[in-house]
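J.:
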Ligand code: SF4
């Protein structure tokens, strides 16, 4: 759901979550992705996000959050620059999360985001979802593991240049096609190579998307212990009026 949400969780208390309207994701091939339902034209993105950022500024004034998470259903670098330029008063001096596909995370793009947002720490969340390349490719994510290794080195290089930058991976669970063993293997590998993992419980929104699977208590406990955060799907997961898990058959 587009808007501003206040969270009290392991990532920050309070933490402000902005779900902005985005332009269509330029990658756009992930077989499970519902974000197209909330994307719009440049004019729509600018008009809708103006109100969301204004609300977020009011909430930040009231709550002084430690951390601000900014999502736009795609890569942050694809937001219109005008919208991105409104964010500095919100992000300056704070821990800031953004999302990106791996190919858009380069020294140049990270430096520009850092300059623009002026964060205390910039946390870039990348959706590798699963460590096994073949399983990832079957989900429509054609990102090879060489990208994981490239980002692993890049974050060290950026820190060497004085930027406080972390790169995390999402790991998707509860989805057909990724076994629980593969989920655990992914958490282990991304923890080793990157700065941590956010585990995301998959929800099906549209017929034709992969089905949801049951999550065992063993996996649930493992994820709570070995990841930075387990996202089971809160109110911001309602997309274009469809609630998590409401994707039909
Ligand atoms: S990269 Fe992200 S926004 Fe783009 S299609 Fe894949 S999951 Fe959706």
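Residue numbers (the working numbering): 962 to 1210. Note that beta-carbon positions come from the ideal geometry of N, C-alpha and C, so glycine has one too.
#1: How many Å lie between residue 1108 and residue 1064 at the Cα?
#2: What separation, rounded to the nearest whole angstrom, lies between the Cα atoms of residue 1100 and residue 1148?
#3: Comparing the CB of residue 966 with every heavy atom of ligand 1, is any distance shorter than 7 Å?
#4: Residue 1187 by DSSP, collapsed to three states: which one?
#5: Taking only heavy atoms of ligand 1 into account, decide whether any of them is closer than 7 Å to the Cβ of residue 1134.
#6: Under a three-way DSSP split, which group does residue 1160 fall into?
#7: With distances taken between CB atoms, is the gap from residue 1078 to residue 1091 smaller than 8 Å?
#8: Is it buried or exposed, residue 1046, if we count other Cβ atoms within 10 angstroms and call 16 or more buried?
#9: Quick one: what does DSSP say residue 1144 is sitting in, helix, strand or coil?
#10: Measure the alpha-carbon distance for residue 1116 versus residue 1034 and round it to whole angstroms.
#11: What's the C-alpha gap between residue 1137 and residue 1096?
#12: Using CA coordinates, which residue listed in 1030, 1119, 1178 is at the minimum distance from residue 1073?
#13: Confirm, please, whether the CB-CB distance from residue 1112 to residue 1066 is below 8 Å.
#14: If you draw a straight line from the alpha carbon of residue 1041 to that of residue 1060, how long is it in whole angstroms?
#15: Using only the alpha-carbon positions, how far apart do residue 998 and residue 1200 sit?
#16: Considering just the uninterrupted stretch of the alpha helix (DSSP H) at residue 1024, what are its terminal residues?
#17: Can residue 979 and residue 967 be called in contact, C-beta distance under 8 Å?
#18: Using 7 Å as the cut-off, classify the Cβ of residue 988 as near or not near the heavy atoms of ligand 1, replying yes or no.
#19: According to DSSP, is residue 975 helix, strand or coil?
T.: The short version:
#1: 8 Å
#2: 18 Å
#3: no
#4: helix
#5: no
#6: strand
#7: For residue 1078 and residue 1091, no; Cβs fall outside 8 Å.
#8: exposed
#9: In the structure shown, residue 1144 sits in a helix (DSSP, three-state: H, G or I).
#10: 23 Å
#11: 11 Å
#12: In terms of Cα proximity to residue 1073, the closest of 1030, 1119, 1178 is 1119.
#13: yes
#14: 15 Å
#15: 7 Å
#16: 1003 to 1024
#17: no
#18: yes
#19: strand
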